[in-house]
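In this text, residue positions in the sequence shown follow UniProt numbering: the first is 1, and each later residue adds one.
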Amino acid sequence: MPPASHSAQCRQLPKRDALSSSEGLLNFPSYLLIIKDLVIVCVTLLFIYLPASDLILVLSHFSLPASLTMALSSLGPLRPAFTCARVASQRLPGAPVRPFSSQSCLRKEIRDAYILSASRTPTAKFNGSFTTVPAPQLGAVAIKSALEKSKVPVDKITDVYMGNVLQGSVGQAPARQASIFAGLPPSVEAITINKVCASGLKAVVFAAQNIQLGLAEAQVAGGMENMTRVPYYVPRSSNLPPFGHVKMEDGLIKDGLTDVYDQFHMGNCAENTAKNYEITREMQDQYAIQSYQRAQAAWKANAFAEEIAPVTVPGKKGDKIISEDEGYLDVKLDRVATLKPAFVRDGTGTVTAANSSTLNDGASALVLGSKDVAQQFGSGSRVLARICGSADAAVDPIDFPIAPAKAVPLALERAGITKDQVAVWEFNEAFAAVIKANEKILGLEGARVNPLGGAISLGHALGSSGSRILVTLLHQLKPGEYGVAAICNGGGAATAMVVQRIESV
Numbered sequence: 001m002p003p004a005s006h007s008a009q010c011r012q013l014p015k016r017d018a019l020s021s022s023e024g025l026l027n028f029p030s031y032l033l034i035i036k037d038l039v040i041v042c043v044t045l046l047f048i049y050l051p052a053s054d055l056i057l058v059l060s061h062f063s064l065p066a067s068l069t070m071a072l073s074s075l076g077p078l079r080p081a082f083t084c085a086r087v088a089s090q091r092l093p094g095a096p097v098r099p100f101s102s103q104s105c106l107r108k109e110i111r112d113a114y115i116l117s118a119s120r121t122p123t124a125k126f127n128g129s130f131t132t133v134p135a136p137q138l139g140a141v142a143i144k145s146a147l148e149k150s151k152v153p154v155d156k157i158t159d160v161y162m163g164n165v166l167q168g169s170v171g172q173a174p175a176r177q178a179s180i181f182a183g184l185p186p187s188v189e190a191i192t193i194n195k196v197c198a199s200g201l202k203a204v205v206f207a208a209q210n211i212q213l214g215l216a217e218a219q220v221a222g223g224m225e226n227m228t229r230v231p232y233y234v235p236r237s238s239n240l241p242p243f244g245h246v247k248m249e250d251g252l253i254k255d256g257l258t259d260v261y262d263q264f265h266m267g268n269c270a271e272n273t274a275k276n277y278e279i280t281r282e283m284q285d286q287y288a289i290q291s292y293q294r295a296q297a298a299w300k301a302n303a304f305a306e307e308i309a310p311v312t313v314p315g316k317k318g319d320k321i322i323s324e325d326e327g328y329l330d331v332k333l334d335r336v337a338t339l340k341p342a343f344v345r346d347g348t349g350t351v352t353a354a355n356s357s358t359l360n361d362g363a364s365a366l367v368l369g370s371k372d373v374a375q376q377f378g379s380g381s382r383v384l385a386r387i388c389g390s391a392d393a394a395v396d397p398i399d400f401p402i403a404p405a406k407a408v409p410l411a412l413e414r415a416g417i418t419k420d421q422v423a424v425w426e427f428n429e430a431f432a433a434v435i436k437a438n439e440k441i442l443g444l445e446g447a448r449v450n451p452l453g454g455a456i457s458l459g460h461a462l463g464s465s466g467s468r469i470l471v472t473l474l475h476q477l478k479p480g481e482y483g484v485a486a487i488c489n490g491g492g493a494a495t496a497m498v499v500q501r502i503e504s505v
């Protein structure tokens, strides 16, 4: 058998033998070429995928002149072209070609987000004037009003975020309905947020983040709820007995007012907070009376006129225009102290119907924009404001009433201010115990907390309340002043936001 060729012999030898043999030594430069090629591949991958800052760090480990290192890293704007070419090479035949950005993939700076306008519908009583008006229709009224006030063209709006908690029978995608009913084009995306009572304020946070990250120029955010129209729930037919009675559940209580973890009413959580922070029945009743008195004085002074978007309700006897909150006069202040506790009835209860918020229907909306949008359309705005910071915080579900006391310091820290710089505080009055506990923990001055009343007197439409307190806050602030909106939510959490009113951008 003829001897094998020289190259065949080298392939048959183990690597260490090849390197130790005279023949392997002759071919050693070929291994160097392979190593060189691998290095080139690795450097190319680093060049394509690493951010400029990381690329400089890698190059600094090599003995390269500083000028060469900076020159290589400055080629960053070319790197997306390599990436685009790689993606294009993997594209399926016939697939549509998407235009790629020629800009660098470097991180962008966080931008400021601004509020250009803010509107809310009146808050109707449970089984009141909005009985026939679905939540998305209420949301549409608020959105349309906010857009008209902002003067921002609808073609600049790219997203709508609306809070809505009780979605049974509302129909698909409530935020989408509100957006389209308000006259926004179908190309505008819409997202429904459910963070229970904090839904409306969290919707504003999401919209602001889009602007801050450079993902959008103009957004709409707010919340809506019609608690009157929440249906009763019946099990599906497969779970029904063949004959006999059928049990129904109140969707309002099940999905809006019950603590899932302890399986009791949210009022029991307020009772727990009142006990833990030594908040007496008298303190709660006095706060509730103050809330009604402040709301009545505010309406008498026409303090809400600029924020209200009237709602036209069709009826058999013609249209009826609702332009005022319905519940703030619906109280006999001399009877507040006579009501029996609503949740704990063993003689120790302190939370009553009078010192708790009411069940309501309503909506609110705000238009947000970037610096460019605010400069172009914000002049003359009654509520032009910069969003300075926001935060969420969570506690044990039973302690949800004090969650704002955890979220507020975080929001203030992110805004770079102290509580002493805040001119007005708007807390959601889910219960009087909520306000008294948070005032105590945060050391707040009561005169600056909810100066125009709150949810106890004005109403608490769950999905709207977070954005409603922000709407009311903005209309109270003077240019240069800071304000804080904070709201607790079921499940043991809260959302807070710091804003500053400004004259112009």
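Cβ atoms here follow ideal geometry from the backbone N, Cα and C, with glycine treated the same way.
The alpha-carbon separation between alanine 135 and alanine 182 amounts to approximately 13 angstroms. Shown here, alanine 142 sits in a helix according to DSSP, grouped into three states.
Counting along the chain, no alpha helix (DSSP H) covers valine 424; the unbroken beta strand (DSSP E) around it starts and ends at 422-427. Under the Cβ criterion (8 angstroms, minimum of three pairs), the stretch 212-231 does not count as touching the stretch 405-420.
Relative to proline 186, the option among Arg176, Ile193 and Leu458 whose CA is nearest is Arg176.
The beta carbons of alanine 221 and alanine 391 sit no closer together than 8 angstroms.
In the DSSP assignment, leucine 359 forms a beta bridge with His460. Per DSSP, glycine 223 lies in no alpha helix (DSSP H); the unbroken beta strand (DSSP E) holding it starts and ends at 218-226. Rounded to whole angstroms, the Cβ separation of aspartate 259 and glutamine 219 is 32 angstroms, and the two are not in contact under 8 angstroms. About 6 angstroms separates the CB atoms of leucine 368 and isoleucine 115; that is less than 8 angstroms, so the two are in contact.
Put simply, the backbone Cα of leucine 329 is about 29 angstroms away from that of threonine 348.
Shown here for cysteine 42: not one same chain residue has a beta carbon closer than 8 angstroms to its own, the five before and five after excluded. Its chain contains Glu217 as the residues whose beta carbon lies nearer than 8 angstroms to that of aspartate 372, once the 5 sequence neighbours on both sides are disregarded; these appear in chain order. Secondary structure note for serine 117: its beta strand (DSSP E) is the uninterrupted segment 114-120. DSSP places threonine 123 outside any alpha helix (DSSP H), giving it a letter other than H or E. Here DSSP, grouped into helix, strand and coil, assigns arginine 111 to coil. Rounded to the nearest whole angstrom, the C-alpha separation of asparagine 450 and valine 424 is 8 angstroms. Within the same chain, and ignoring the five residues on either side of glutamate 439 in sequence, the residues whose Cβ sits closer than 7 angstroms to its Cβ are Gly446 and Val449. Using a C-beta cut-off of 8 angstroms, the stretch 314-327 makes no contact with the stretch 272-282, since fewer than three inter-stretch Cβ pairs fall below that distance. Serine 465 and cysteine 197 have their C-alpha atoms some 6 angstroms from each other. Between the C-alpha atoms of aspartate 285 and alanine 173 there is a straight-line separation of about 40 angstroms. For glycine 389, the three-state secondary structure derived from DSSP is strand. One alpha carbon belongs to lysine 340, the other to glutamine 293, and they sit about 22 angstroms apart.
C-alpha of serine 504 to C-alpha of alanine 354: approximately 42 angstroms in a straight line. The criterion of a C-beta distance shorter than 8 angstroms is satisfied by serine 467 and glycine 200.
Ranked by Cα distance from isoleucine 308, the first of Ala363, Lys332 and Tyr287 is Ala363.
In terms of Cα proximity to proline 479, the closest of Glu271, Leu410, Leu384 and Tyr233 is Leu384. Counted as a single uninterrupted DSSP element, the stretch harbouring cysteine 488 is not any alpha helix (DSSP H) but the beta strand (DSSP E) occupying residues 482-489. Alanine 270 is a Cβ neighbour of alanine 433, given a cutoff of 8 angstroms.
Burial is judged here by how many other beta carbons sit within 10 angstroms of a residue's own beta carbon; arginine 501 has at least 16 and is buried. Residue range 281-300 is occupied by the alpha helix (DSSP H) that includes isoleucine 289, with no beta strand (DSSP E) assigned at that position. By the C-beta density criterion, glutamine 263 is exposed, having fewer than 16 other C-beta atoms within 10 angstroms.
Taken through DSSP and simplified to helix, strand or coil, glycine 347 comes out as coil. For a cut-off of 8 angstroms, the C-beta gap from asparagine 360 to alanine 461 is around 4 angstroms, short enough to register as a contact.
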